[in-house]
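Okay, so the sequence shown: first residue is 348 according to my numbering, each after it adds one.
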Amino acid sequence: MKMPIDDIETLKPATDNKVIADKAIALSEEGQVAAAINYASLVGQTSCIYNHSLSSDLQTKLTTQGYTIEEPKYLAKSGDQYIIRW
Numbered sequence: 348m349k350m351p352i353d354d355i356e357t358l359k360p361a362t363d364n365k366v367i368a369d370k371a372i373a374l375s376e377e378g379q380v381a382a383a384i385n386y387a388s389l390v391g392q393t394s395c396i397y398n399h400s401l402s403s404d405l406q407t408k409l410t411t412q413g414y415t416i417e418e419p420k421y422l423a424k425s426g427d428q429y430i431i432r433w
């Protein structure tokens, strides 16, 4: 559930806002990854480096859609950077 910007000044039931809040982080993360992939594609790339953590749900969604995900071999901290290929 997303809140349309037109309804931003309309008071919603608490249960609706709880659903929106619970999904906001996942939607934001997916949008950030999609933007990184789409911008790379627009300039002819077939991979991108994503410098943030990826939730396991989003990793599953990406692999289901045909993307491969790997961590670079040498990282200071595991889970901070991924190479996403298509």
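Note that beta-carbon positions come from the ideal geometry of N, C-alpha and C, so glycine has one too. Note that this is a predicted model, so its numbers are computed, not measured.
Which whole-angstrom value is the C-beta distance of residue i and residue j, which I expect to be below 8 angstroms?
i: Ala-371; j: Ser-402; result: In fact, because the Cβ distance is near 13 angstroms, the residues do not count as touching under 8 angstroms.
i: Ser-388; j: Ile-431; result: Between Ile-431 and Ser-388 the Cβ distance is about 11 angstroms, and since that is not below 8 angstroms, they are no contact.
i: Gln-406; j: Glu-418; result: Contact flag wrong, Cβ pair sits at about 11 angstroms.
If you follow the alpha helix (DSSP H) that residue i is in, where does it begin and where does it stop?
i: Thr-357; result: From DSSP, Thr-357 is part of no alpha helix (DSSP H); its letter is neither H nor E.
i: Ser-403; result: 403–411
Is the separation between the beta-carbon of residue i and that of residue j shorter than 8 angstroms?
i: Ser-400; j: Gly-426; result: yes
i: Leu-422; j: Ile-416; result: no
Out of the options, state which residue places its alpha-carbon closest to the alpha-carbon of residue i.
i: Val-380; options: Ile-352, Tyr-397 and Asp-369; result: Tyr-397
i: Tyr-414; options: Tyr-421, Leu-422, Ile-384 and Lys-420; result: Ile-384
State the start and end residues of the unbroken beta strand (DSSP E) segment that holds residue i.
i: Glu-377; result: Careful: Glu-377 lies outside any beta strand (DSSP E), inside the alpha helix (DSSP H) at 361–389.
i: Thr-415; result: 415–417
i: Ser-394; result: 394–397
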